[in-house]
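What follows is one structure encoded as structure tokens, with my remarks underneath.
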Amino acid sequence: MTFVAKPRVHHPLLPINDIGLTRRDYEGSVSTLCAGCGHDSVSAAVIAACAELSIPPHRFAKVSGIGCSSKTPSYFLDKSHGFNSVHGRMPSVATGANLANRSLYCIGVSGDGDSASIGLGQFAHIVRRRINMLYLVDNNGTYGLTKGQFSATNDKGSTSKRGVPNLYEPIDLVTLALQLGASFVARSFSGDKRQLVPLIKAGIKHHGFALIDVISPCVAFNNHSGSTKSYDYVRHHSESVTKIDYVESGQEITADYEPGTTEDVEMPDGSTLRLSKVDANFDPHDRIKALQYVQRRQSEGEVVTGLLYVDPESPDCHDILETIDTPLNELDFADLCPGNAALAPINQSFR
Amino acid sequence: MSVSYNDFVIRFANVNGSGSASANGMFAKALFRMGIPVATRNIFPSNIEVLPTWFEVRVSDVGYMGRREGVDIMVAMNAETYDEDIAAIKPGGVLLYDNSAALSANRRRSDIREYGIPIAQLMLPEFKDQNQRSLFKNICYLGALAELLNIEFDVISGMVETQFAAKQKLIQPNIHALAVGRKYAREYLAHPFPYQVKRSTAVGDRIMIDGNTAAGIGAVFGGATVCAWYPITPSTSLAEGFEKYAHQLRVDKTTGKNKFAIVQAEDELSAMGIVIGAGWNGARAFTATSGPGVSLMSEFLGLAYFAEIPAVLFDVQRSGPSTGMPTRTQQGDLISAAYASHGDTKHVLLFPSTPRECFDFAADALDLADRLQTPIIVMSDLELGMNDNLSEPLSWDEGRVHDRGKVLDAAGLDAAATFGRYLDVDGDGIGYRTYPGTHPEKGSFFTRGTSRDEYARYTESPEIYGRNMARLQLKWQTARKLVPQAEINSRGHAAGIIYYGTSASPMQETIDLLSEDRIAVDQMRIRSFPFGPEVEKFIDEHDFLFVVDQNRDAQMKTLLVNELSLDPNSLVSILYFEGLSISADTIREQVQTYFNQNKLPRLTGVKS
Ligand SMILES: Cc1ncc(C[n+]2csc(CCOP(=O)(O)OP(=O)(O)O)c2C)c(N)n1
Ligand code: SF4
Ligand SMILES: [Mg+2]
Numbered sequence: 001m002t003f004v005a006k007p008r009v010h011h012p013l014l015p016i017n018d019i020g021l022t023r024r025d026y027e028g029s030v031s032t033l034c035a036g037c038g039h040d041s042v043s044a045a046v047i048a049a050c051a052e053l054s055i056p057p058h059r060f061a062k063v064s065g066i067g068c069s070s071k072t073p074s075y076f077l078d079k080s081h082g083f084n085s086v087h088g089r090m091p092s093v094a095t096g097a098n099l100a101n102r103s104l105y106c107i108g109v110s111g112d113g114d115s116a117s118i119g120l121g122q123f124a125h126i127v128r129r130r131i132n133m134l135y136l137v138d139n140n141g142t143y144g145l146t147k148g149q150f151s152a153t154n155d156k157g158s159t160s161k162r163g164v165p166n167l168y169e170p171i172d173l174v175t176l177a178l179q180l181g182a183s184f185v186a187r188s189f190s191g192d193k194r195q196l197v198p199l200i201k202a203g204i205k206h207h208g209f210a211l212i213d214v215i216s217p218c219v220a221f222n223n224h225s226g227s228t229k230s231y232d233y234v235r236h237h238s239e240s241v242t243k244i245d246y247v248e249s250g251q252e253i254t255a256d257y258e259p260g261t262t263e264d265v266e267m268p269d270g271s272t273l274r275l276s277k278v279d280a281n282f283d284p285h286d287r288i289k290a291l292q293y294v295q296r297r298q299s300e301g302e303v304v305t306g307l308l309y310v311d312p313e314s315p316d317c318h319d320i321l322e323t324i325d326t327p328l329n330e331l332d333f334a335d336l337c338p339g340n341a342a343l344a345p346i347n348q349s350f351r
Numbered sequence: 352m353s354v355s356y357n358d359f360v361i362r363f364a365n366v367n368g369s370g371s372a373s374a375n376g377m378f379a380k381a382l383f384r385m386g387i388p389v390a391t392r393n394i395f396p397s398n399i400e401v402l403p404t405w406f407e408v409r410v411s412d413v414g415y416m417g418r419r420e421g422v423d424i425m426v427a428m429n430a431e432t433y434d435e436d437i438a439a440i441k442p443g444g445v446l447l448y449d450n451s452a453a454l455s456a457n458r459r460r461s462d463i464r465e466y467g468i469p470i471a472q473l474m475l476p477e478f479k480d481q482n483q484r485s486l487f488k489n490i491c492y493l494g495a496l497a498e499l500l501n502i503e504f505d506v507i508s509g510m511v512e513t514q515f516a517a518k519q520k521l522i523q524p525n526i527h528a529l530a531v532g533r534k535y536a537r538e539y540l541a542h543p544f545p546y547q548v549k550r551s552t553a554v555g556d557r558i559m560i561d562g563n564t565a566a567g568i569g570a571v572f573g574g575a576t577v578c579a580w581y582p583i584t585p586s587t588s589l590a591e592g593f594e595k596y597a598h599q600l601r602v603d604k605t606t607g608k609n610k611f612a613i614v615q616a617e618d619e620l621s622a623m624g625i626v627i628g629a630g631w632n633g634a635r636a637f638t639a640t641s642g643p644g645v646s647l648m649s650e651f652l653g654l655a656y657f658a659e660i661p662a663v664l665f666d667v668q669r670s671g672p673s674t675g676m677p678t679r680t681q682q683g684d685l686i687s688a689a690y691a692s693h694g695d696t697k698h699v700l701l702f703p704s705t706p707r708e709c710f711d712f713a714a715d716a717l718d719l720a721d722r723l724q725t726p727i728i729v730m731s732d733l734e735l736g737m738n739d740n741l742s743e744p745l746s747w748d749e750g751r752v753h754d755r756g757k758v759l760d761a762a763g764l765d766a767a768a769t770f771g772r773y774l775d776v777d778g779d780g781i782g783y784r785t786y787p788g789t790h791p792e793k794g795s796f797f798t799r800g801t802s803r804d805e806y807a808r809y810t811e812s813p814e815i816y817g818r819n820m821a822r823l824q825l826k827w828q829t830a831r832k833l834v835p836q837a838e839i840n841s842r843g844h845a846a847g848i849i850y851y852g853t854s855a856s857p858m859q860e861t862i863d864l865l866s867e868d869r870i871a872v873d874q875m876r877i878r879s880f881p882f883g884p885e886v887e888k889f890i891d892e893h894d895f896l897f898v899v900d901q902n903r904d905a906q907m908k909t910l911l912v913n914e915l916s917l918d919p920n921s922l923v924s925i926l927y928f929e930g931l932s933i934s935a936d937t938i939r940e941q942v943q944t945y946f947n948q949n950k951l952p953r954l955t956g957v958k959s
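Just so you know, the sequences run in chain order E and B. With our numbering as the guide, the letters of the first sequence map in order to residues 1 to 351. With our numbering as the guide, the letters of the second sequence map in order to residues 352 to 959.
Right under this line is the structure:
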């Protein structure tokens, strides 16, 4: 199936991709997130990646749960259909969407609350089911949309918040995905375009389930007691946590560092995140080594970024289910209904 | 001794897991193959082994297929339940039991007949293996019954042969066990047996099938390609039925690949999410569950209602609340299904009464879901879903094709002046949708559970929100015209009886019993919610109305009162909710009581 997009008048300075489109053709509506929100950087990276891949924009299907992060599919690829579903259940919707039409590129966007708390069960099972999709977690370590409550991905060790300590063990979606058999696992940082865009491209092209856990700072809620924007502060100093009427606009936090090096990033809550980029010698084909590496670095206070594991050969859900190559939603009546004659032997078997 | 033919209730009392199910099933099937109408009911525990289980067969040449109170023949094979089993026998009835151990004197009843067969002793010398011995006990009483009831031996032994076609080695020992039981009965037991069978033509061309299997086949014919489910009694066999027939009928001949996808999800939330994701992306999808699953699916059902996504859900109801009596039947989910989810949400329900209707409604539900772009819930129950029932043969109208509803393809989008997903172009409350990936430039939209305008753009405008909710209400009115109509039998009587689902099985018998009491009632079998104009008309035309509900809280009555703005006192509830299916005796008694208490005239009720 080929789709030829209609020629448009292009901005003379924008690069044109192999199918004659510019990144404008991959954009969405204007973001309503806070200025400087890491999630917007992720959307920008998705737009860049899709444009560079020269895939017709309407051949994507976008799905998400609920949260600031889950709103972002509105902000990219407005030529494709999107589905902002319910909190924590994007994996099941993505599963159904992928079963119905295997020919579309499926991009799911979720948050840390969406995937590691309410949706942890669905997250675990979509990994097991090997749905062919790119699954992005915009991980800000907080519940942005409900105004800054703790999330389950807050790491006790590495992010060492200056304020209220996180009392509970963190859930790390990367190690979980590795354990559950994901065939593409990566971590990145929203502000590191140089790393994120190629990872997104690889994730889209990967045949099977691709997770990218993107650390994506929330500039509005910081979760430490010294901050006037923290959940605790707001809870104690305001009648209702929903009455925040002034959000300081933040700066996009960026990082640009070489493979094999580390970079300390100042987070909006004042903490420092030490990112450690895997180097060229890292072998991303060994699941057990990847797990060990991530966990060892984690214990040393570093967050490993990069492509941690990939198995280009593994089957996806359609391979496992042995579904026909034609998308199920394109099968016609003759394919689907065996007709009255087929009922005669069935009736006979019940006599 | 007088002998009655083709008219009795036989109940087998066994221990769960003892292999009795296949012997008992063969008994029922043998009578069916002799042309005699039978209805089977499996009354089983929520357990795999050891607990008591009963299998009841109603045999009725006149075709009364509802449950009847009282047992004529009790095959008591579980000493643990002797007391209640013996108590259930009607005066003049028969107790058939294993007298290898003597029945204690205090259990004896003078008003019933005892038929003791030393089954354990008979089996001891015949089969060395302990497991075989206990398995063949079931076959042994089957042989004895064949002799006593006059079941054609060829029919029963033929059945053994087909049953064990794959395990040839078992055929001979089975036939032998049959013969042992038969010989003992012939030589030592009193003849003639008071209940006997003889070949009949009453079955006609009907088949014997359970509702879940029929619904599963219906989903294949109805074009479902995605099935997501999570195991729960009594719905599991529906998904399994779909799987079995999809593998038979929907595998591509050249590639050997499947034209369907079945996912056993991690829970019901996920099952419904998968159905909604698939429906959004243009596949016909369904799930099957029971009450607890419907509770879990509620949030998603609201999303599908508001975002207008086709979805089909089979709710094979069981006794609630909570885990309730998970292996017993009930019609207890009407309210929770009709209004599943928060906010102003309501869903189309279909109420099948027979396996044939399970088949038909499966395909209808898939059509209606696409046409109305909303969830359709098929309200079956354990009684219908899991028991083998007599049914009209399944058939598919040759002219019938699937109705995919209002979907614009690329050419349609090019031809359309504008596209707004939620624009009510036709004035029926239903917009046009597009599948993802249809057109490079046109027709994409963002689906969400939040408020949006006609062009699917997010909005919090009070006016636009209100307009959208009003349109959904208009769509509900459209649904009234499209759903299966109520089946009405009106002869101008003053009284009417309203029922649905499996309360249909005892209805003919109920009407006949009531006429013995000189009570005549018109009948209406509701087949769907929302209620069509014919339901309102029937209610208007009758002075007093009974509503039969197999639940405590009169849930159908509630829906009628609520949706048609009726005076609650205008409907009299007939209720049964103890986990077996409702019997004609129960309905008759409650109707009679009402007539007596209100001193209503009998059989003078024909309106001029
Ligand atoms: C069933 C349900 N419970 C609670 C909520 C409220 N809620 C909306 S978003 C959210 C948390 C979002 O956090 P996350 O997924 O991390 O997204 P972020 O906003 O941080 O990007 C919650 C709890 C909801 N929408 N639905
Ligand atoms: S609240 Fe946080 S996560 Fe949400 S949009 Fe603002 S910065 Fe982003
Ligand atoms: Mg978050």
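Ideal placement from N, C-alpha and C gives every residue a C-beta, glycine not left out. In this text, all values refer to a predicted model and were calculated from it rather than measured experimentally.
Cα atoms of B/Tyr809 and B/Arg772: separation of roughly 13 Å, rounded to the nearest angstrom. Collapsing the DSSP output to three states places B/Thr513 in a helix. With a cutoff of 7 Å, E/Asp112 counts as near ligand 3, since its C-beta is closer than that to a heavy atom of the ligand. Every residue with a CB closer than 5 Å to a heavy atom of ligand 2 is listed here in chain order: E/Leu33, E/Cys34, E/Cys37, E/Cys68, E/Gly144, E/Cys218, E/Val219 and E/Ala220. Taken in chain order, the complete alpha helix (DSSP H) segments of 4 residues or longer contained in the segment 457–486 of chain B are 470–477. Runs of beta strand (DSSP E) with 3 or more residues, each lying fully within the segment 365–403 of chain B, are found at 389–394, listed in chain order. Annotated as distal: E/Ala100 and E/Cys106, with beta-carbon spacing of 8 Å or more.
Taken atom to atom, the span from the alpha-carbon of B/Lys604 to that of B/Ala761 is near 30 Å. E/Tyr309 sits away from E/Leu173, with the two beta carbons spaced by 8 Å or more. The C-alpha of B/Asn947 is placed about 40 Å away from the C-alpha of B/Val645. With a cutoff of 7 Å, E/Thr142 counts as near ligand 3, since its C-beta is closer than that to a heavy atom of the ligand.
The beta carbon of B/Val626 falls within 8 Å of a beta carbon belonging to chain E, placing the residue at that interface.
Within 7 Å of the CB of E/Val93, the CB atoms of chain B belong to Gly624, Ile627 and Gly628, in sequence order along the chain. The segment 717–727 of chain B makes contact with the segment 648–659 of chain B; the number of CB pairs closer than 8 Å reaches 3 or more. Not a single heavy atom of ligand 3 lies less than 7 Å from the C-beta of B/Ser924. Interface flag for B/Lys826 against chain E is unset, since no Cβ pair is found closer than 8 Å. Between B/Arg362 and B/Trp405 the beta-carbon gap is near 6 Å, inside 8 Å, which marks them as a contact.
CA-CA distance, E/Gln295 to E/Thr175, rounds to 8 Å. Contact between the segment 657–672 of chain B and the segment 859–877 of chain B is absent: fewer than 3 CB-CB pairs across the two stretches fall below 8 Å. Contact of B/His753 with chain E by beta-carbon distance below 8 Å involves Phe333, Leu336 and Cys337. Taking 3 residues as the shortest admissible run, the segment 845–924 of chain B contains the following complete beta strand (DSSP E) segments, listed from N- to C-terminal end: 846–851, 872–877 and 895–900. Here the alpha carbon of E/Asp112 sits roughly 34 Å from the alpha carbon of E/Leu14.
Rounded to whole angstroms, E/Asn84 and E/Val63 show a C-alpha spacing of 6 Å. Close to chain E, meaning a Cβ-Cβ distance shorter than 8 Å, are the following residues of the segment 790–807 of chain B: His790, Pro791, Glu792, Ser795, Phe796, Phe797, Thr798, Arg799, Gly800 and Thr801. Neighbourhood of B/Val886 in chain E, by CB distance below 8 Å: empty, with the nearest CB roughly 31 Å away. In this structure E/Ser216 touches E/Asn139 by the C-beta definition: roughly 6 Å separates them, less than 8 Å. Sixteen is the threshold: when 16 or more other Cβ atoms of the shown chains lie within 10 Å of the Cβ of E/Tyr143, as they do, the residue is buried. The alpha-carbon separation between B/Trp827 and B/Glu940 amounts to approximately 37 Å.
In this structure the segment 564–572 of chain B does not lie against the segment 537–544 of chain B, because fewer than three pairs of beta carbons, one per stretch, are closer than 8 Å.
One finds nothing in chain B with a Cβ atom closer than 8 Å to the Cβ of E/Pro315; even the nearest lies about 14 Å away. The way I'd put it, the segment 186–195 of chain E doesn't touch the segment 116–129 of chain E; fewer than three beta-carbon pairs between them come closer than 8 Å. Contact of E/Val86 with chain B by beta-carbon distance below 7 Å involves Glu650, Phe651, Leu654 and Gly800. Sequence-distant Cβ neighbours of B/Phe796 in its own chain, meaning closer than 6 Å and more than five residues away, are Arg772 and Ala807. The beta carbon of B/Ala390 sits no closer than 8 Å to any beta carbon of chain E.
The nearest non-hydrogen atom of ligand 3 is 7 Å or more from the C-beta of E/Ser115.
The shortest CA-to-CA distance from E/Thr95 to any of B/Gly843, B/Cys578 and B/Gly930 is the one to B/Cys578.
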